[in-house]
Amino acid sequence: MRAFPHIGHGIGLRPTHYQAIVEAARAEPAPVDWVEIISENFMVEGGNPRAVLRDIRARMPVVMHGVSLSLGSTDPLDEAYLGRIDALAREIEPAWISDHLCWSSFGGHTGHDLWPLPFTEEALAHVAARVIAVEERLGRAILVENVSSYLQYVHSAMTEWEFLTALVERTGCGILLDVNNVFVSAHNHGFSARGFLEGIPRGSVGQIHLAGHRDEGTHLLDTHDHPVCDGVWDLYRAAVERFGGVATSIERDDDIPPLAVVVAESRRAAEIEREVLATGAVSVTVESLAPSGVDTRRETAEPRARRHGV
Amino acid sequence: MASDASTKVAAGALPLGALQALLYDLLTAPAGVDLGLAARGLSGDALEAIIVGDARLSAAARLDLYANMYFFRILDVLRDEFPRVRATVGEAPFHDLITDYLLAAPPAHPSLREVGGRLPAYLEAHALGVERPWLAALAALERTHRELFDGPDAIPLTMGAMRSLPPEGFAPLPVRLVPCHRILEQGFGIAGVWRADTGKGADSATRGELPCQAPEARPETVLAWRRGFGVVHRVVDDAAELAMARRAAAGTTLGGLCETFVEARRGAGGQEAAGPGDDGTLAAEAFQLLARWVDDALLTAA
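These protein sequence lines are chains S and B, in that order. When we follow the numbering used here, the leftmost residue of the first sequence carries the number 1420, and every step to the right adds one. When we follow the numbering used here, the leftmost residue of the second sequence carries the number 17, and every step to the right adds one.
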């Protein structure tokens, strides 16, 4: 796998925080090391979103996180969409580009959701071919994120972590490990969250997501409308113990608090990482992941669950 | 598709394409997964051969979680994008409108920004639009605001830049309307019933949104554009200004705009405005209008 640099601790850029983050980014030191954008929100011609992005990119690294690549769909890859990703990437030079292990389109129509795939050899071969095609089109390795899921398929022949591991081996992509999604899916399907982490190869994780969820009684719902819970913080600590220092970001998409609250969660992640690395109880160091051609110091609403509301 | 896939449900291991075809149909079924299955002559149990159900949630209930997310995510986006249409028709009819709309025009663009693009045209033939023939025009203006919000940038021409021109440089200066503009010609006086205070908050009930009153049925031309980072609009009821706007939209010169204005005034005013003594007055009027455009950040150097 090509290495993805550890660019520190960031947050997802959301419109509610545009003004605050522009001002915060001018501080020395800035309260966050980098921001992650939802790529689709910036595939527009101009206006405030692009102005904010230009301003922030001049001060810190930016990561492009997409929600519509639909890597698992049996529809053809959307060349126009890939072109827009490529154009945005050429303009802002992101540290990397990521999307999800899912399908979200069929028959030329888009669901604007992250639908889970069966973990079969057929699906693996299909997704791997598309990841390679995307990487060739964009001229760079991408990160693929595990999604929160509420269903599993009877005919899945492997676990999600086995699927992701094989995908990394076949394509050279990296993993965007969403620790909250692991926590949610483990609860919903009754597998061990720590077992998931142990099944992911060291050195394959290029980024970590942290977020909040909601307990609906029968299942956990990936809502991004709560602070990161203690269980997810514990799992994050275990992830750092296994994978070392990895660029980590906080996602918050609903009931969004003031920027300082989200930044505080990012700082807490940084503190946990420091604590773990200080103990030496980790086999992959920050340095071993660092080499990269990405110039991270150059100038510089993921779909989540909705409840049935009517 | 559905019949092929449905007959294989019992087999469990559908090929990926057939699996996605079946699930897409069920996820987007307007009345939920159970009724979607029933429409195919299947019970909820049929899904247990494909999706793992347990004591907490059946296979159909698990898929229904996704079906709800599909609909309500899009409904949320369109509620925010069309707050005046929603406030006018009411929450439940708006919900049903979007259910109908998604069946007729399922999302086909990777960005949620585009999901409402066809709603104004769809409303024209929908029962709600037939009941209120002006509703599609209201939706068109709301959609225009959305589209202009992140449309192309341009550096507006300033009065300072105009004043710095030498006298001989004024008339030939190439100009055009800022690209992020739209000229809407509608059959109703929509601008008169547009409530500027609608759509600023999160929930219509708590912010006391009121429905738009029925507008007068009459031709109305609205010029909408982005000024700074906000979208504004106003009615253009002066034929000379409209003629200028159309010419400026295509690109012209400052002199060309003044000529257009004078020609339009003379065409409209006939003999009364045609005397040679009026040229100075017309030129002054044209310049006054240009000054307003510049103040409104409507013009850019071409």
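Every residue gets a Cβ at the ideal spot worked out from N, C-alpha and C, and that includes glycine.
Top-ranked residue by Cα proximity to residue i, from the options
i, options, result
"A317(B)", "W150(B), T269(B), V49(B)", "T269(B)"
"P1549(S)", "L1678(S), F1610(S), S1492(S)", "In the sequence under discussion, the amino acid at residue 1549(S) is Arg, which differs from the Pro named in the question. Cα-wise, what sits closest to R1549(S) is S1492(S)."
"Q197(B)", "P182(B), L94(B), D50(B), L315(B)", "Looking at the sequence shown, residue 197(B) is not Gln but His. Closest option to H197(B), Cα to Cα, is L315(B)."
"S1575(S)", "I66(B), R282(B), L38(B), G33(B)", "I66(B)"
"W1386(S)", "E1554(S), L1557(S), R1621(S)", "Chain S is shown only over 1420 to 1729; residue 1386(S) falls outside these bounds and no answer can be derived."
"L164(B)", "G57(B), R95(B), H249(B)", "H249(B)"
"H1545(S)", "V1566(S), L1496(S), R1656(S)", "L1496(S)"
"W210(B)", "A153(B), D166(B), G167(B), L193(B)", "A153(B)"
"P123(B)", "V238(B), Y40(B), D253(B)", "Y40(B)"
"T174(B)", "P168(B), L306(B), E225(B)", "L306(B)"
"A1514(S)", "L1490(S), L1696(S), Q1626(S), R1661(S)", "Q1626(S)"
"L128(B)", "G1485(S), I1516(S), R1661(S), V1624(S)", "G1485(S)"
"G48(B)", "D294(B), L73(B), L81(B), D70(B)", "L81(B)"
"E147(B)", "L73(B), V131(B), F303(B), P109(B)", "P109(B)"
"L200(B)", "L118(B), R262(B), A121(B)", "R262(B)"
"R308(B)", "M260(B), A280(B), R281(B)", "M260(B)"
"A1697(S)", "I1675(S), E1660(S), E1670(S)", "E1660(S)"
"V1392(S)", "G1527(S), T1667(S), E1541(S)", "An answer regarding residue 1392(S) cannot be provided, because it is not within the stretch 1420 to 1729 covered by chain S."
"A1470(S)", "T1529(S), I1675(S), G1502(S), P1434(S)", "P1434(S)"
Beta carbon proximity, residue i to chain B, threshold 8 Å
i, result
"A1552(S)", "no"
"P1676(S)", "no"
"Q1626(S)", "no"
"W1580(S)", "no"
"G1466(S)", "yes"
"G1431(S)", "no"
"T1493(S)", "yes"
"S1517(S)", "no"
"D1497(S)", "yes"
"S1487(S)", "yes"
"P1434(S)", "no"
"E1540(S)", "no"
"H1484(S)", "no"
"H1606(S)", "no"
"P1537(S)", "yes"
"V1573(S)", "yes"
Cβ neighbour criterion (16 or more within 10 Å) applied to residue i
i, result
"M1462(S)", "buried"
"Y300(B)", "The residue asked about is misnamed: residue 300(B) is Ala in this sequence, not Tyr. Label assigned to A300(B): exposed."
"I171(B)", "exposed"
"E1706(S)", "With a pLDDT of 35 at E1706(S), under the threshold of 50, the modelled position of that residue is not reliable, and the figure given next carries that caveat. Classification of E1706(S): exposed, given that the 10 Å Cβ count is below 16."
"E1684(S)", "buried"
"L51(B)", "exposed"
"L319(B)", "The shown model of chain B, from 17 to 318, leaves out residue 319(B), and the question about it has no answer."
"S1611(S)", "exposed"
"P126(B)", "buried"
"A290(B)", "The predicted position of A290(B) is uncertain, since its pLDDT is 48 and thus under 50; no value can be drawn from it."
"E107(B)", "exposed"
Residue-level contact to chain S via CB, residue i, 8 Å cutoff
i, result
"G60(B)", "no"
"H169(B)", "According to the sequence provided, residue 169(B) is Asp. The question's His does not apply to it. Taking Cβ atoms only, chain S reaches closer than 8 Å to D169(B), which makes this a yes."
"A76(B)", "no"
"G293(B)", "The predicted model places G293(B) with a pLDDT of 47, which falls under 50 and marks its position as unreliable; any figure quoted below should be read in that light. No, G293(B) lies away from the interface with chain S (no Cβ there is under 8 Å from its Cβ)."
"A218(B)", "Reliability of the predicted coordinates at A218(B) is poor, the pLDDT of 45 falling under 50, and the value obtained from them is presented with this limitation in mind. Not closer than 8 Å to any Cβ of chain S, the Cβ of A218(B) fails to qualify, so no."
"P31(B)", "yes"
"Q287(B)", "Any reading at Q287(B) must be qualified, since the residue scores a pLDDT of 49, below 50, and its modelled position is unreliable; no value is offered."
"Y243(B)", "In the sequence on display, residue 243(B) carries Arg and not Tyr. So, not an interface residue."
"V248(B)", "no"
"Q36(B)", "yes"
"M175(B)", "no"
"V25(B)", "With a pLDDT of 48 at V25(B), under the threshold of 50, the modelled position of that residue is not reliable, and the figure given next carries that caveat. No, because no Cβ of chain S sits closer than 8 Å to the Cβ of V25(B)."
"L73(B)", "yes"
"S22(B)", "Because the pLDDT at S22(B) is just 42, under 50, the model does not fix this residue reliably, and the value given afterwards should be weighed accordingly. For S22(B), the answer is no, since every Cβ of chain S falls outside 8 Å of its Cβ."
Minimum Cβ-Cβ distance from residue i to chain A less than 8 Å
i, result
"A1514(S)", "Included in the structure are the protein chains S and B, with no chain A among them."
Item checked: Members of the region 98-114 of chain B that neighbour chain S once the beta carbon cut-off is set at 7 Å -> H111
Notebook entry, point to check: Closer than 9 Å, Cβ to any Cβ of chain S: which residues of the region 191-214 of chain B, in chain order?
Noted result: P195, C196
Notebook entry, point to check: When Cβ atoms are compared, which residues of the region 110-144 of chain B fall closer than 8 Å to chain S?
Noted result: H111, P122, P123, A124, H125, P126, S127, L128, R129, V131
Notebook entry, point to check: Should the region 255-275 of chain B be called in touch with the region 180-200 of chain B, which here means at least 3 C-beta pairs below 8 Å?
Noted result: yes
Checklist line | Under 9 Å (Cβ pairs) to chain S, residues found in the region 253-278 of chain B | finding: Answer in chain order: no residues at all.
Check: Between the region 1437-1462 of chain S and chain B, which residues of the former have CB atoms less than 7 Å from a CB of the latter, in chain order?
Finding: E1459, M1462
Notebook entry, point to check: On the three-pair Cβ rule with 8 Å, is the region 1633-1648 of chain S touching the region 1442-1451 of chain S?
Noted result: Output reads no: the region 1442-1451 of chain S does not touch the region 1633-1648 of chain S.
Check: What residues in the region 1557-1570 of chain S bring their beta carbon closer than 7 Å to a beta carbon of chain B?
Finding: Y1569, L1570
Next item on the list: Compile a chain-ordered list of the residues in the region 1519-1532 of chain S whose CB is closer than 7 Å to at least one CB of chain B.
Entry: W1522, F1525, G1526, G1527, H1528, T1529, G1530, H1531, D1532
Notebook entry, point to check: Can we say the region 46-59 of chain B touches the region 1550-1563 of chain S, given the rule of at least three CB pairs closer than 8 Å?
Noted result: These segments do not touch.
Item checked: Three-pair Cβ contact test at 8 Å for the region 82-97 of chain B versus the region 1580-1596 of chain S -> At 8 Å Cβ cutoff, the stretches do not touch.
Note to self: Any C-beta of chain B within less than 7 Å: which residues of the region 1629-1653 of chain S qualify?
What the structure shows: If the cut-off is 7 Å between Cβ atoms, the region 1629-1653 of chain S has T1637, H1638 near chain B.
Item checked: Interface positions of the region 154-169 of chain B facing chain S (Cβ-Cβ less than 9 Å), listed along the chain -> L164, F165, D166, G167, P168, D169
Note to self: Counting only Cβ-Cβ distances shorter than 7 Å, please list the residues of the region 43-71 of chain B near chain S, keeping chain order.
What the structure shows: For the region 43-71 of chain B, which is checked against every Cβ of chain S, the residues closer than 7 Å are L43, A65, I66, I67, V68.
Next item on the list: Report the residues of the region 78-89 of chain B with a CB closer than 9 Å to any CB of chain S, ordered along the chain.
Entry: The residues in question are R78, L79, D80, L81, Y82, N84, M85, Y86, F87, F88, R89.
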